[in-house]
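Asker: Here the sequence shown is numbered in our numbering, starting from 3 and rising by one per residue.
Don't be surprised by glycine CBs; every beta carbon is placed ideally from N, CA and C.
Quick caveat: nothing in here was measured; it's all calculated off a predicted structure.
Let me begin by handing over the structure; questions about it come next.
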Amino acid sequence: KLIREGNEEAVYQFNNRNERTISDGINITSIAVRHQSPYESRIEKLIGFSLTRELLFPFEGYSKLRALKTELLGFDTFYIEGPLLINAFLFAKSLRRPIVLDTHCVNKEVAIKIKGQNKLAGTVRTIAWHIIEKNILGRSDKVIAISDHDKAFIEQHFKIPPSKLEVIPHIVEPAAASKHRQEAGQLKRRFIKGFKQIACYVGDFGAIQNIE
Numbered sequence: 003k004l005i006r007e008g009n010e011e012a013v014y015q016f017n018n019r020n021e022r023t024i025s026d027g028i029n030i031t032s033i034a035v036r037h038q039s040p041y042e043s044r045i046e047k048l049i050g051f052s053l054t055r056e057l058l059f060p061f062e063g064y065s066k067l068r069a070l071k072t073e074l075l076g077f078d079t080f081y082i083e084g085p086l087l088i089n090a091f092l093f094a095k096s097l098r099r100p101i102v103l104d105t106h107c108v109n110k111e112v113a114i115k116i117k118g119q120n121k122l123a124g125t126v127r128t129i130a131w132h133i134i135e136k137n138i139l140g141r142s143d144k145v146i147a148i149s150d151h152d153k154a155f156i157e158q159h160f161k162i163p164p165s166k167l168e169v170i171p172h173i174v175e176p177a178a179a180s181k182h183r184q185e186a187g188q189l190k191r192r193f194i195k196g197f198k199q200i201a202c203y204v205g206d207f208g209a210i211q212n213i214e
């Protein structure tokens with residue numbers, strides 16, 4: 003959409019490999035960083051996330067971005083997907099460029115819900131996410147919420163002024179079902195018998211909000 007409106011855009015993503023590709027005319031740079039720690043300690047299992055990863059990822063990601071500083075200086079605005087990318091946020095701030103922060107979800111709200119399943123993990127996450135989200139959302143130039151509900155939660159819990167918030171629903175237009183009727187029929191005959199309505203979810207269950 004940004005390109006159709008006449009903007010020049012490039013995507014930089016943290017990944018498990020270094021790679022430069024082009025997709026739909028967009029230059030995509032994959033930056034290899036450590037995503038998972040090879041060993042999860044007892045305390046990490048208890049609180050529900052890897053301390054090793056959470057401590058290493060911001061520093062490693064920031065140093066990898068610094069190595070690309072010359073080319074990143076050529077951009078006017080940075081769009082950052084989620085407050086978890088603290089390294090990208092701090093790096094963009096160091097370049098004195100406007101930052102648009104797309105929340106994707108409100109992690110603090112997810113953490114509050116987790117308290118019902120695991121009080122310790124939920125409490126630790128609630129405190130950590132309140133500090134992270136309050137600071138990053140508060141220092142962003144523009145914040146995108148994915149629903150009116152999330153917008154109200156952000157205003158109430160982080161005191162972000164409504165003038166900085168914009169709601170863009172977290173949806174995409176689905177492909178026309180008629181184009182895939184034959185394929186869908188084959189899948190239905192192969193895997194599903196006796197059901198009339200089917201709900202499918204495709205996503206990364208490494209993300210806590212997707213699990214919730």
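Could you tell me the alpha carbon to alpha carbon distance between E175 and A94, rounded to whole angstroms?
Answerer: The alpha-carbon atoms of E175 and A94 are separated by roughly 31 angstroms.
Asker: Here's the rule: buried if 16 or more other CB atoms are within 10 angstroms of the residue's CB, otherwise exposed. What is S65?
Answerer: Exposed, by the Cβ-count rule.
Asker: Looking at the secondary structure, which residues open and close the alpha helix (DSSP H) in which R183 lies?
Answerer: Residues R183 to F193.
Asker: Using a Cβ-Cβ cut-off of 8 angstroms (strictly less than) and excluding sequence neighbours within five positions of D150, which residues of its own chain qualify?
Answerer: V169.
Asker: For the stretch 193 to 202 against the stretch 158 to 173, do three or more pairs of beta-carbon atoms, one drawn from each stretch, fall closer than 8 angstroms, so that the two count as touching?
Answerer: Flag = no, the stretch 193 to 202 and the stretch 158 to 173 do not touch.
Asker: Does N76 pass the burial test, meaning 16 or more other C-beta atoms within 10 Å, or should it be called exposed?
Answerer: For clarity, residue 76 is Gly in the given sequence; the question names Asn instead. With fewer than 16 other Cβ atoms within 10 Å, it is exposed.
Asker: Can you name the start and end residues of the alpha helix (DSSP H) that T125 belongs to?
Answerer: Start and end: K121 to R141.
Asker: Cβ of V145 within 7 angstroms of Cβ of K166?
Answerer: Yes, Cβ-Cβ distance for V145 and K166 is below 7 angstroms.
Asker: Between which two residues does the alpha helix (DSSP H) carrying L167 extend?
Answerer: Taken as a continuous stretch (DSSP letters only), L167 belongs to no alpha helix (DSSP H), being part of the beta strand (DSSP E) at L167 to V169.
Asker: Could you give the residue range of the beta strand (DSSP E) that holds F16?
Answerer: Note, F16: beta strand (DSSP E), A12 to N17.
Asker: In whole angstroms, what is the alpha-carbon distance linking T72 and K153?
Answerer: About 35 angstroms.
Asker: Contact between the stretch 100 to 110 and the stretch 77 to 86: three or more CB pairs below 8 angstroms?
Answerer: In short, these stretches touch, since the Cβ pair count reaches three.
Asker: Quick check on the DSSP output: the alpha helix (DSSP H) that includes F93 runs from which residue to which?
Answerer: F93 -> alpha helix (DSSP H) spans I88 to S96.
Asker: Can the beta-carbon of V35 be found closer than 7 angstroms to that of F16?
Answerer: Taking 7 angstroms as the Cβ cut-off, V35 and F16 qualify as a contacting pair.
Asker: Just tell me which of D26, S25, W131 and V126 has its CA closest to the CA of H159.
Answerer: Cα-wise, what sits closest to H159 is W131.
Asker: Taking the C-alpha atoms as reference points, what is the distance between I5 and R44?
Answerer: I5 and R44: Cα-Cα distance of roughly 47 angstroms.
Asker: On the three-state DSSP scale, how would you describe L103?
Answerer: L103 falls in the strand class under three-state DSSP.
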